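J.: The structure's right below; bear with me while I get my questions together.
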Amino acid sequence: MPRREIIDVLSKYTDPFRVTRGSGFRLKNFDPRNTLGLKMDKHQAAQLLQRGSKWLAMEQEILYAQDSWSLLLVFQAMDAAGKDGTIKHVMSQVNPQGCDVFSFKQPSTEELARHFLWRYSSKVPQRGRIGIFNRSYYEEVLVVRVHPRLFEEQKIPPQLVGGVGENIWNQRLADIAKFEDYLTHQGVIILKFYLNLSYEEQKKRFMDRLNKPEKNWKFSASDVRERRYWHDYMHAYDEAIHATASKSAPWFIVPADNKWFTRLVVAAAIVEAVEKLNLEYPKVTPARMKDFAAAREELHAEK
């Protein structure tokens with residue numbers, strides 16, 4: 004299938020959820036249960052996802068060989084939205100040597116002593132590689148915004164802050180947008196995924212974790228505590244996506260109530276982005292062809 008036709012097919016899964024302009028953005032306008040009218044059983048969905056994962060694996064090999072572009076995938080979501088499972092299933096066919104996954108937990112003392120983007124900037128993928136941020140620098144305008152005490156631990160000079168009001172979050176969001184602009188100018192393709200889980204589905208998944216012994220390990224009491232701040236988090240996400248959505252670093256508001264559909268949309272968005280780069284294996288120069296001929300001759304001459 005020609006590349007243009009491939010992109011057209013993939014865009015049917017991605018365009019309804021892609022946000023490239025923040026103007027007028029509201030999470031409430033995106034349905035977490037949306038499947039675009041598709042109805043599949045688990046077997047059908049798994050087969051389609053496997054095809055997408057194999058496709059991505061082939062593209063990754065060319066990305067690695069070309070050693071020019073890199074791909075940064077940012078995953079954000081409320082607890083139980085399925086970030087880990089989505090990353091695992093979508094990237095299942097990708098060569099681990101060309102892919103790095105980073106899960107950012109509570110910052111260390113050293114990290115708190117530096118600027119808020121420091122620990123993330125050093126993990127941006129090298130050329131030719133795919134980097135995955137399972138949570139990211141957006142936590143600095145999400146969880147830190149919802150829990151201001153975390154901001155105070157960062158010890159920023161008071162005269163530069165003027166209180167933890169709207170202005171500081173606007174500043175941070177502007178810094179993030181500029182940071183992403185800078186990365187895209189250096190050849191980093193940025194795709195940001197918000198796995199859009201409904202309040203009702205989160206409760207269902209929490210209950211599932213509590214009631215099934217094999218899933219108990221997934222549950223943390225802090226998950227329920229954070230659920231109390233649901234509306235605060237929705238406001239913070241609204242503001243973050245509104246301020247940082249752009250054509251070069253788009254957000255995808257991926258419906259997350261049906262895991263099979265979540266994974267299909269994420270896989271389609273990644274393959275689509277790489278396809279648009281028109282990647283090709285590096286062409287062999289005449290000088291290297293001479294080297295090949297000499298090497299071939301030497302190998303043939305061996306006894």
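For what it's worth, my numbering labels the leading residue of the sequence shown as 4, then goes sequentially. C-beta: ideal position from N, C-alpha, C; glycine also. Note that the structure is a prediction, hence the values are computed from the model and not measured.
Quick one: is T89 buried, meaning 16 or more other Cβ sit within 10 Å of its Cβ, or exposed?
T.: Around the CB of T89, 16 or more other CB atoms lie within 10 Å, so the residue is classed as buried.
J.: Just to confirm the assignment, what range does the beta strand (DSSP E) spanning W121 have?
T.: Where W121 is concerned, there is no enclosing beta strand (DSSP E), although the alpha helix (DSSP H) it sits in stretches over W121 to S124.
J.: Could you check the C-alpha separation between S56 and H92 for me, to the nearest Å?
T.: So the alpha carbons of these two residues sit roughly 8 Å apart.
J.: Check the C-beta distance from L30 over to D211 and give it rounded, since I have them as a contact under 8 Å.
T.: At roughly 24 Å, the Cβ-Cβ gap does not stay under 8 Å, so L30 and D211 are not in contact.
J.: Hey, could you find the ends of the alpha helix (DSSP H) Q162 is sitting in?
T.: Looking at the DSSP string, the run of the alpha helix (DSSP H) that includes Q162 is P161 to V164.
J.: Along the chain, which unbroken stretches of the alpha helix (DSSP H) at least 4 residues long are found entirely within the stretch 4-66?
T.: 6-17
J.: Are the Cβ atoms of K262 and G134 separated by less than 8 Å?
T.: no
J.: DSSP on Y197, reduced to helix/strand/coil?
T.: Here Y197 sits in strand by DSSP.
J.: Throw me the rounded Cβ distance for the F136 and L186 pair, which I believe falls under 8 Å.
T.: With a Cβ gap of about 12 Å, F136 and L186 do not count as contacting.
J.: Do the stretch 44-58 and the stretch 151-170 make contact, defined as three or more Cβ pairs closer than 8 Å?
T.: no
J.: CB-CB under 6 Å to L145, same chain, minus the five flanking residues each way: which ones, in chain order?
T.: These residues qualify, in order along the chain: A239.
J.: For A276, does the count of other Cβ atoms within 10 angstroms reach 16, so buried, or fall short, so exposed?
T.: buried
J.: Return the chain-ordered ranges of every beta strand (DSSP E) run that is complete within the stretch 82-160 and spans a minimum of 3 residues.
T.: 102-106 and 133-137
J.: Assuming N199 contacts P258 (C-beta within less than 8 Å), just tell me the rounded distance between them.
T.: 6 Å
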